[in-house]
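Worksheet: the structure to be examined is printed underneath.
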Amino acid sequence: MIEIPSDLHKDLVPLAFLLGNWAGAGVHDFPGSEKCNFGQEVSFSHDGRDFLEYHSHSWVLDGDGNKVRPLESESGYWRIDKDRKVEVTMVRDDGVVEVWYGEMAEKKPQVDLATDAVARTAASGPYTGGKRLYGYVNSDLMWVGEKQTPEVPLRPYMSAHLKKVVTPEDVERWAKALPDDLPDDGIAFFK
Numbered sequence: 000m001i002e003i004p005s006d007l008h009k010d011l012v013p014l015a016f017l018l019g020n021w022a023g024a025g026v027h028d029f030p031g032s033e034k035c036n037f038g039q040e041v042s043f044s045h046d047g048r049d050f051l052e053y054h055s056h057s058w059v060l061d062g063d064g065n066k067v068r069p070l071e072s073e074s075g076y077w078r079i080d081k082d083r084k085v086e087v088t089m090v091r092d093d094g095v096v097e098v099w100y101g102e103m104a105e106k107k108p109q110v111d112l113a114t115d116a117v118a119r120t121a122a123s124g125p126y127t128g129g130k131r132l133y134g135y136v137n138s139d140l141m142w143v144g145e146k147q148t149p150e151v152p153l154r155p156y157m158s159a160h161l162k163k164v165v166t167p168e169d170v171e172r173w174a175k176a177l178p179d180d181l182p183d184d185g186i187a188f189f190k
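In numbering that gives the first Met the number 0, the protein residues as written are 0 to 190.
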């Protein structure tokens with residue numbers, strides 16, 4: 000279920016499907032890097048201004064699904080204009096700063112992005128650009144990322160399937176929104 004908070008900036012309504020805390024797992028595979036399964040936590044929040052704040056932390060998982068070590072972290076800001084064009088500024092822990100541009104798909108909660116500018120520190124590895132696709136599918140957030148370096152052409156390198164994290168505050172808010180006249184047995188409600 001996509002909720003649109005009453006204090007969400009009106010321009011951000013098309014991106015409301017991203018809001019919240021998400022957690023899940025995925026696969027990382029890129030030449031020159033260790034192929035692995037990873038866990039991920041993602042947060043999209045807002046403070047009433049015309050952008051979403053974004054944070055992502057991922058870590059390598061062992062064969063039993065336990066955290067082994069950090070994989071990568073990134074933070075940024077997402078905006079959208081009246082023509083459904085999306086822009087994202089992002090900073091990653093490996094010393095990369097990116098500007099992404101893209102757009103919302105027609106009539107579905109999906110964003111397709113490509114890098115427009117990349118800046119790297121001396122400590123970062125080789126990287127020249129990427130693409131990402133984020134989609135809201137059956138109440139889950141799914142994404143795939145592609146990247147390229149001077150040696151490796153654009154190719155998929157990470158993808159994940161994330162579930163919405165439900166907090167006690169969410170449950171309380173949903174309970175308060177239930178109608179007062181629910182049947183006592185609970186079964187009649189579904190007939």
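C-beta atoms are modelled at their ideal positions from N, C-alpha and C, and glycine is treated no differently. Treat the numbers as computed from the prediction; the structure is a model and nothing was measured.
Where the beta strand (DSSP E) containing residue i begins and where it ends
i      : result
Ile79  : Lys66 to Ile79
Tyr100 : Val95 to Met103
Gly23  : Gly19 to His27
Gly38  : Cys35 to Ser44
Leu60  : Leu51 to Leu60
Lys84  : Lys84 to Arg91
Val12  : Per DSSP, Val12 belongs to no beta strand (DSSP E) and is neither H nor E.
Of the listed residues the options, nearest to residue i (C-alpha basis)
i      : options                           : result
Ala121 : Gly94, Met89 and Val85            : Gly94
Val26  : Gly38, Glu102 and Ser123          : Gly38
Asp80  : Met89, Val12, Arg91 and Ser123    : Val12
Glu33  : Lys84, Gly64 and Val59            : Val59
Ala116 : Gly124, Trp99 and Glu105          : Trp99
Asp92  : Ser74, Glu105 and Lys106          : Ser74
Ser123 : Thr148, Val143, Glu105 and Asn137 : Thr148
CB of residue i within 7 Å of CB of residue j, strictly
i      : j      : result
Glu86  : Thr114 : no
Leu140 : Asp111 : no
Pro108 : Tyr135 : yes
Val164 : Ala15  : no
Leu17  : Phe43  : yes
Asp6   : Gly31  : no
Interface flag, residue i vs chain B, CB-CB below 7 Å
i      : result
Asn137 : Among the chains of the structure shown, chain B does not appear; only one protein chain is present.
Contacting residues, own chain, Cβ-Cβ under 6 Å from residue i (five flanking each side not counted)
i      : result
Asp169 : none
Lys195 : Missing from the structure shown is residue 195; the chain here goes from 0 to 190 and no further.
Same chain, Cβ closer than 7 Å to residue i, five either side skipped, listed in chain order
i      : result
Arg83  : Pro13, Glu102 and Met103
Arg119 : Gly94, Val95 and Tyr126
Pro167 : none
Neighbourhood of residue i by C-beta distance below 8 Å, restricted to the same chain and skipping five residues each side
i      : result
Ala187 : Interpretation of Ala187 is limited by its pLDDT of 49, a score under 50 that renders its predicted location unreliable; the figure taken from the coordinates is listed afterwards. Around Ala187: no qualifying Cβ.
Asp10  : Asp49, Arg78, Ile79, Asp80 and Lys81
Leu153 : Gly128, Gly129, Lys130, Glu145, Lys146 and Gln147
- Hey, which unbroken runs of the beta strand (DSSP E) at 3 residues or more fall wholly within the stretch 123-178? Those beta strand (DSSP E) runs which fall completely within the stretch 123-178 and span 3+ residues are 128-136, 139-147 and 154-163.
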